[in-house]
Amino acid sequence: MRPGTDAAQLVARVEKLARRLPAGKTVHIMEVCGTHTHAIGKSGLRQLLPGNIRLISGPGCPVCVTHDREIAAYLDLAERDNVVIATFGDLLRVPGVRGSLAEARSRGAAVKVVYSPLEALQLAEQYWDREIVFLAVGFETTAPTVGMTVKKAKEKGLGNFSVLSMHKLVPPVLEALLLDDQVRLDGFILPGHVCTITGVVPFQFLPRRFEKGGVITGFEPCDILQAVAMLLAQIIEGRPAVEIQYRPGVRPEGNPLARQVMQEVFVPQEARWRGLGQIAASGLALREQFRAYDAAFRFSLREPAGPVLEKKPGCSCGDILKGIRIPPQCPLFKTACTPANPAGPCMVSSEGTCAAYYRYEQYRGG
Amino acid sequence: MCLAVPLKVRKKEGDMAEVGLKGLRQQVSVALTPEVKEGDWVLVHAGFAIQRLEENDALETLSLLEELNEAGN
Ligand code: SF4
C-alpha cells in the first residue's frame, strides 16, 4: 500500500469525519457502479465503516438493469434461422421470463461469446452468409466502442452485421432516483470508467439541482475509502460538488472523441430499466443513417402487445437496484435464488448486488 | 462490466495496437485514442483503448493491483 493512503489510516479519517456529523444523522452514499459493489463486498468495506455511514448499491450493473422486454427481444432473435448472436459473456445466463440465452443455445440457437464488439464484426466477415447480431449492453464506457464498430461496419459495407442497442446512460437514472420519494441519498460514489468518457460536466446537475455531491472514484478499496472521506467533508462543510478521486483514469473533460463517436452513431431515447421503469433519454438508439446496422429495424422487432411479465415472482431486483432493499430482505435470497441457480439478474452477474452479498457479505449480517 | 485495465502499447499500426503486460499480448483498437504512441499506457475496455494514461499513474495502479491480488490469494 502507498504510505499515507493506507486503508487503516483512511478508515481512521472516515471515523473522525463521521463523528463530526450531527447526532442521529445517518449518511446514505450510493455506489452506482457494479464494479464498486463487487470491490466493496470483496474487501468487507461496508462493515469497516462507522454505523452512521451506509453504502447503498445502485443501478450500475448493465446486465442487471436490462429489462425483461429487451431480454424477450434478443431471445426472439436468437431463435431465428440464420441468426448468430454475439454477446458479452455476462448476458449468457441472465434469466428472462422465458429463459436465458444459455438455454436457447442448448436448444440449438447460435450464440457466440465475444470480448469486444470488434470480434463480432470479425464474425460477420467470417460467416458472410449468416446474420451476426451483437447484443449491445453497457453504459457510456461501452457505447463508444460499439459506435466505432458500427462505423467500421459501414465503412466496410458489411451487409450481415447489426447491433441490438440496449445501451443505458448513467446521469438520467441518477436523476430519476433523486426524484423518487422512496429513495434517500446524501451523495454518490460515481463510476470511474463511465466518467473516463463523460468527464464531469454531465454530473454537475447533482450539486446544482439537487445539492448532492458526487466523487468519481477508482476501483481499489483505498480509492473507495478516500471517496467516502471526500463526500463526508463535502457534507460537513455544506459544499456539494463533483470531484475526481480517480485521477489516473479520468480527466475533467473525459474523452471528447469517444463522445463524438457516440453522438454520431446514437441518439438518446427513452429506455426501460428493470425496477425503475421508463426513463426519458436514458438509452441510446442508432441514428437513421445507421439503420442498416440496427437489429431492431432490420428484423422488425416490435414491442410485444399487451403486458409483459416483468420479473420472476418474488424477485426483488427492482427494489435492490434502487437501493431501497438489501438482498437478505428478498424472500428468495440464498434459498430459491443462488449463483448456481439464479432467479434474477442481480444474482447472475458477479457485479450484481445479490451475487456480491451472496459471496462476500452473508456471514456479516449485510 | 465497465471494467477497464491499464496496459502498455507495444506496437501501433494504423488504428490497431498490440498491448500487453509481461508475456501477454492483445490486439486492441486505438480508434478512440488516436494520440497514443508506442510505450504509452492505455486503459483498455471491450477491445478498445479508451484513455491514454500517464505512465507513472498506470504503474502505480498496476502495482497496487498486484499487491491486492497477492494479498487475496
Ligand atoms: S436474491 Fe435473487 S430473486 Fe432476490 S432480488 Fe436478488 S436476484 Fe432477485
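Line order of the protein sequences matches chains C and U. Once you know that position 29 of the first sequence is 35 in the numbering used here, the rest is easy, because the numbers rise by one and skip nothing. Once you know that position 26 of the second sequence is 104 in the numbering used here, the rest is easy, because the numbers rise by one and skip nothing. Virtual Cβ for every residue (Gly too), placed ideally from N, Cα, C.
{"Asked": "Distance cut-off 7 Å: C/Cys336 Cβ against heavy atoms of the ligand SF4", "Found": "yes"}
{"Asked": "C/Glu109 - containing alpha helix (DSSP H), residue span", "Found": "Leu107 to Ser112"}
{"Asked": "Partners in chain U for C/Ala264, counting only beta-carbon separations shorter than 7 Å", "Found": "Leu110 and Ile128"}
{"Asked": "Under 8 Å by beta carbon: chain C residues contacting U/Gly98", "Found": "Within chain C, no residue comes near U/Gly98; the closest Cβ sits about 15 Å away, beyond 8 Å."}
{"Asked": "Min CB distance C/Tyr121 to chain U below 8 Å", "Found": "yes"}
{"Asked": "Closer than 7 Å: C/Gly350 CB and nearest the ligand SF4 heavy atom", "Found": "yes"}
{"Asked": "Contacts of U/Leu131 in chain C (Cβ-Cβ under 9 Å)", "Found": "Pro254 and Gly255"}
{"Asked": "Contact check, C/Tyr121 vs U/Ala124, beta carbons under 8 Å", "Found": "yes"}
{"Asked": "Segment contact flag, the stretch 141 to 160 of chain C with the stretch 282 to 299 of chain C, C-beta cutoff 8 Å, min 3 pairs", "Found": "yes"}
{"Asked": "C/Val169 vs C/Ala301 beta-carbon contact at 8 Å", "Found": "yes"}
{"Asked": "Chain-ordered chain U contacts of C/Phe145 [CB-CB under 7 Å]", "Found": "Cys80"}
{"Asked": "For C/Thr223: DSSP bridge partner residues", "Found": "C/Pro197"}
{"Asked": "Closer than 8 Å at the beta carbon, the chain U residues around C/Cys39", "Found": "Cys80"}
{"Asked": "Local conformation of C/Ala298 per DSSP, three classes", "Found": "helix"}
{"Asked": "Enclosing alpha helix (DSSP H) for C/Gly153 [first to last residue]", "Found": "Ala149 to Lys162"}
{"Asked": "C/Cys67 at chain U interface by Cβ criterion, 8 Å", "Found": "yes"}
{"Asked": "Any C-beta of chain C under 8 Å from that of U/Lys90", "Found": "no"}
{"Asked": "DSSP state of U/Asn151 mapped onto helix, strand, coil", "Found": "Low local confidence applies: a pLDDT of 41 at U/Asn151 is under 50, so the model's placement there is unreliable, with the coordinate-based value given in what follows. The answer is coil: DSSP assigns U/Asn151 none of H, G, I, E or B."}
{"Asked": "Any non-hydrogen atom of the ligand MN closer than 7 Å to C/Gly64 Cβ", "Found": "This structure simply doesn't include the ligand MN; it includes the ligand SF4 instead."}
{"Asked": "7 Å Cβ shell around U/Arg130 - same chain, five flanking residues per side excluded", "Found": "Thr111, Glu113, Val114, Asp118 and Val120"}
{"Asked": "Cross-chain neighbours of U/Gly121 in chain C, by beta carbon under 9 Å", "Found": "For the sequence presented, residue 121 of chain U should be read as Leu rather than Gly. The contacting residues are His199, Thr202, Pro254 and Gly255."}
{"Asked": "Nearest to C/Pro262 (by Cα), restricted to the options C/Ile59, C/Arg280, C/Lys31 and C/Cys201", "Found": "C/Cys201"}
{"Asked": "Simplified DSSP assignment, three categories, for C/Ala13", "Found": "helix"}
{"Asked": "Cutoff 8 Å; reference C/Ile59; Cβ partners in own chain excluding five residues on either side", "Found": "Val20, Ala24, Thr32, Val33, Ile35, Val234 and Leu238"}
{"Asked": "Proximal residues of chain U, C-beta to C-beta of C/Val267 below 7 Å", "Found": "Leu110"}
{"Asked": "Proximal residues to C/Gly95 (C-beta, below 7 Å), its chain only, five neighbours per side dropped", "Found": "Val119"}
{"Asked": "Per DSSP, the bridge partner or partners of C/Ser171", "Found": "C/Ala142"}
{"Asked": "Proximity test, Cβ basis, 8 Å: U/Gly125 and chain C", "Found": "yes"}
{"Asked": "heavy atom of the ligand SF4 below 7 Å from C/Ile77 C-beta", "Found": "no"}
{"Asked": "Near-chain U residues of the stretch 146 to 166 of chain C - C-beta to any C-beta below 7 Å", "Found": "Thr147, Thr148, Pro150, Thr151 and Met154"}
{"Asked": "Residues that U/Gly98 bridges to, as DSSP identifies them", "Found": "U/Lys86 and U/Arg103"}
{"Asked": "Cβ neighbour criterion (16 or more within 10 Å) applied to C/Val17", "Found": "buried"}
{"Asked": "Segment limits, beta strand (DSSP E) that includes C/Pro274", "Found": "Phe272 to Trp279"}
{"Asked": "The stretch 95 to 123 of chain C: positions lying closer than 7 Å to chain U by Cβ", "Found": "Asp96, Tyr121, Ser122 and Pro123"}
{"Asked": "Where C/Glu270 meets chain U, residues with beta-carbon distance less than 7 Å", "Found": "Within 7 Å Cβ-Cβ: nothing; C/Glu270 doesn't reach chain U, min ~12 Å."}
{"Asked": "C/Gly64, DSSP secondary structure in three states", "Found": "strand"}
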